[in-house]
Amino acid sequence: MATTYGAATTTVVPNDPEIRVHRFIGFKPSHSLAFNRNPLVFLVPKSTPSVSRAVSTPVKPDTQLKLSALHGVLKKGPKTVMSSIIRSMGSTLGACGDLNRNVLAPAAPIAGKDYLFAQETAENIAAVLTPQSGFYHDMWVDGERIMTAEPPEVVKARTDNTHGTNFPDSPEPIYGTQFLPRKFKIAVTVPGDNSVDILTNDIATTVITNDPKIRVHSFIGFKPSHSLAFNRNPHVFLVPKSTPSVIRAVSTPVKPDTATETKRSKVEIIKEGSNYIRYPLNEELLTDAPNINEAATQLIKFHGSYQQYNRDERGARSYSFMLRTKNPCGKVSNKLYLTMDDLADQFGIGTLRLTTRQTFQLHGVLKKDLKTVMSSIIRSMGSTLGACGDLNRNVLAPAAPIARKDYLFAQETAENIAALLTPQSGFYYDMWVDGERIMTAEPPEEVQNCCNCSRR
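Oh and the sequence shown: position 144 is 144 in full-length UniProt numbering, straight run, nothing missing.
(1) Under a Cβ-count criterion, where at least 16 other Cβ atoms within 10 Å of its own Cβ denotes burial, should valine 190 be classed as buried or exposed?
(2) Do the CB positions of threonine 325 and threonine 384 come within less than 7 Å of each other?
(3) What residues match up with tyrosine 319 in a beta bridge as DSSP calls it?
(4) Can you tell which of Cys96, Pro131, Val141 has the C-alpha that lies nearest to the C-alpha of proline 173?
(5) Quick check on the burial criterion: 16 or more other C-beta atoms within 10 angstroms. Buried or exposed for arginine 404?
(6) Span of the beta strand (DSSP E) holding threonine 162?
(7) Go to arginine 353, then tell me how far its beta strand (DSSP E) extends in each direction, as first and last residue.
(8) For a minimum of 4 consecutive residues, which ranges assigned as the alpha helix (DSSP H) are wholly contained in the region 360-423?
(9) Express the C-alpha separation of arginine 158 and asparagine 102 in angstroms, rounding to a whole number.
(10) Grouping DSSP H, G and I as helix and E and B as strand, with all else coil, what is leucine 286?
(11) Going straight from the alpha carbon of tyrosine 319 to that of arginine 311, what length do you get?
(12) Can you give me the C-alpha to C-alpha distance between valine 128 and asparagine 392, rounded to a whole angstrom?
(13) Give the straight-line distance between the Cα atoms of arginine 278 and leucine 299, rounded to the nearest whole angstrom.
(14) Sorted by chain position, which residues of the same chain lie with C-beta nearer than 8 Å to arginine 437's C-beta, five sequence neighbours on each side aside?
(15) On the CB-based measure, 16 or more other CB atoms within 10 Å of its CB, does methionine 89 come out buried or exposed?
(16) Out of Asp142, Ala187, Thr356, which one is the CA nearest neighbour of isoleucine 86?
(17) Which one or two residues does DSSP pair with isoleucine 203 in a beta bridge?
(18) Using DSSP bridges, identify the partner residues of valine 103.
(19) Applying the criterion that 16 or more other CB atoms from any shown protein chain within 10 Å of the CB defines a buried residue, is histidine 71 buried or exposed?
(20) Quick one: what does DSSP say arginine 158 is sitting in, helix, strand or coil?
(21) By DSSP, does arginine 87 sit in helix, in strand, or in coil?
(22) When the Cβ atoms of the region 291-298 are set against those of the region 264-281, are three or more pairs found closer than 8 Å?
(23) To the nearest angstrom, how far is it from the Cα of glycine 221 to the Cα of isoleucine 203?
(24) Shortest alpha-carbon distance to lysine 367 belongs to which of Gln308, Lys113, Lys75, Asp434?
(25) Buried or exposed for valine 73, please, with buried defined as at least 16 other CB atoms from any protein chain shown within 10 angstroms of its CB.
(26) How many whole angstroms separate the CB atoms of serine 375 and lysine 335, which I take to be in contact at a CB cut-off of 8 Å?
(27) What separation, rounded to the nearest whole angstrom, lies between the Cα atoms of alanine 111 and asparagine 124?
(28) Proline 171 and serine 133: beta carbons closer than 7 Å?
(29) I'd like to check one pair, alanine 414 with proline 328: are the Cβ atoms closer than 7 Å?
(30) Tell me which same chain residues have a C-beta within less than 7 Å of the C-beta of leucine 343, skipping the five on either side of it?
(31) Does alanine 187 pass the burial test, meaning 16 or more other C-beta atoms within 10 Å, or should it be called exposed?
(32) Smallest Cα separation from asparagine 100: which of Ala419, Tyr115, Ala122?
(33) Note down the Cα distance separating phenylalanine 167 from proline 181, rounded to an integer number of angstroms.
(34) Closer than 8 Å by C-beta to valine 81: which residues in its own chain qualify, once you throw out the five before and the five after it? Chain order, please.
(35) Using a Cβ-Cβ cut-off of 7 Å (strictly less than) and excluding sequence neighbours within five positions of leucine 354, which residues of its own chain qualify?
Structure (structure tokens):
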């Protein structure tokens, strides 16, 4: 079943013949997202792939925020509700808006030092980053401050301007008058605990009890390309007293000098010089070595494969490759499944793995067998093209064989979007089946969409 983890989501609404989408027009100077106020209206039957190509809507559910949400409160009731929450030692301050929201930590009542320290640290970070100007209590409890005394280290961390991030003489020493350019989320956890998804947060801190220091790469704002920029040299902070200061300093974006040209990454340089994802992968596949070099390792991802080795082995590394198929809307023909099953036994480790992204993964393929395995998949009307790498990967849709118009349309739309966003330079077929194009004809609207894209 498709979830909202995709970079763009489309929902089939059978009783509405139009899709209304707010067009993303780039980043504002404050680094927040900018959208047109007037939505673009697209007719569903023919233009959905164009919608998906033109619009990028990052969606990630807040499944890890550990919040309670109360719905249905009428306008005349918020003050009563808010004051009741506040007088019960609760708070809604900063749970939404452009500021630090909740601070996560393992909630289990485990009396280990690392767990207790993680929880205390999370509470202190939340206190340090709580707005101070009093607008919240003024609005809901007539200015009455209902709160417990803050620890001295929290007060000290909030007023400390060692990193030059404070707003002097402001009632909001951390946020100033404009607060942050967007929402911010933080998590604190301990090694081995998976109750907190640290990767969905802007900052993650892990308690390492045998190391008295934290090393953090300081965030210095957005590069001109809108990606995050970090200093190469990490700042080192002692844990016991400075963790809130670390978080506050890192979570305060500082706009970099736009006159300085941003250094391009090594991977960007490799891709640009690869002749559309061919070189040096094509030469590396012909060598007798069991592995491929670093540049080819980056390129083979676009062909749907990762080079891997057993990290537990000592001495010489045993290299193999993982192959991932691309199955839009989860459709797999009988022929492709039987082929994958045979390949797993002949060239893999005897297992065929299914993923939550509606793909197969085949592990343990040796370099010398890659072309045989790849060509077998392609000739069985399958593909690994774009299943990994920096491009659109799979397009999910409900795979259940339900013969309803909405299900059928969702599946057709997913297939058309996948076809539209499939690379066209031919590098995949050149590499694995000597340039032979083994594919079915594309719908005319997909070809038209590609042509329209090139003219823009």
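Heads up, the beta-carbon is just placed ideally off N, CA and C, and yes, glycines get one too.
Working from what's here:
(1) Buried: at least 16 other Cβ atoms inside 10 Å.
(2) Less than 7 Å divides the Cβ of threonine 325 from the Cβ of threonine 384.
(3) According to DSSP, which records beta bridges pairwise, tyrosine 319 is partnered with Tyr309.
(4) Comparing Cα-Cα distances from proline 173 to each of Cys96, Pro131, Val141, the minimum goes to Pro131.
(5) The residue is exposed, with fewer than 16 neighbouring Cβ atoms inside 10 Å.
(6) Counting along the chain, threonine 162 falls outside any beta strand (DSSP E), and DSSP gives it neither H nor E.
(7) Note, arginine 353: beta strand (DSSP E), 352-354.
(8) List check, alpha helix (DSSP H) in window: 370-379, 405-420.
(9) Cα-Cα distance, rounded: 17 Å.
(10) Here DSSP, grouped into helix, strand and coil, assigns leucine 286 to coil.
(11) Separation of tyrosine 319 and arginine 311 (C-alpha to C-alpha, rounded to the nearest whole angstrom) is 10 Å.
(12) Rounded to whole angstroms, valine 128 to asparagine 392 spans 40 Å at the Cα level.
(13) As the crow flies, the alpha-carbon of arginine 278 is around 8 Å from that of leucine 299.
(14) Only Gly426, Tyr429 meet the Cβ criterion.
(15) Classification for methionine 89: exposed.
(16) Taking only the C-alpha atoms, the option nearest isoleucine 86 is Asp142.
(17) Per DSSP, the beta bridge partners of isoleucine 203 are Ile186.
(18) In the DSSP output, where bridge partners are listed per residue, valine 103 has Ile186.
(19) Exposed, because fewer than 16 other Cβ atoms sit within 10 Å of the Cβ of histidine 71.
(20) Of the three classes helix, strand and coil, the one that applies to arginine 158 here is helix, per DSSP.
(21) Three-state result, arginine 87: helix.
(22) Three or more pairs of CB atoms, one per stretch, sit closer than 8 Å, so the region 291-298 contacts the region 264-281.
(23) Unreliable placement is indicated for glycine 221, whose pLDDT of 45 sits below 50; no coordinate value is reported for it.
(24) With distances taken between Cα atoms, lysine 367 lies closest to Gln308.
(25) Counting Cβ neighbours within 10 Å, valine 73 comes out exposed, since fewer than 16 surround it.
(26) So it is not a contact: roughly 14 Å between Cβ atoms.
(27) As the crow flies, the alpha-carbon of alanine 111 is around 18 Å from that of asparagine 124.
(28) Result yes, Cβ atoms of proline 171 and serine 133 sit closer than 7 Å.
(29) Between proline 328 and alanine 414, the gap from beta carbon to beta carbon is short of 7 Å.
(30) Contacts found: Leu362, Val373, Ser376.
(31) By the Cβ-count criterion, alanine 187 is buried, with 16 or more other Cβ atoms from all chains shown falling within 10 Å of its own Cβ.
(32) The residue with the shortest Cα to Cα distance from asparagine 100 is Ala122.
(33) Note on geometry: alpha-carbon atoms of phenylalanine 167 and proline 181 lie some 16 Å from one another.
(34) Contacts found: Leu70, Val73.
(35) Cβ within range, chain order: Phe360.
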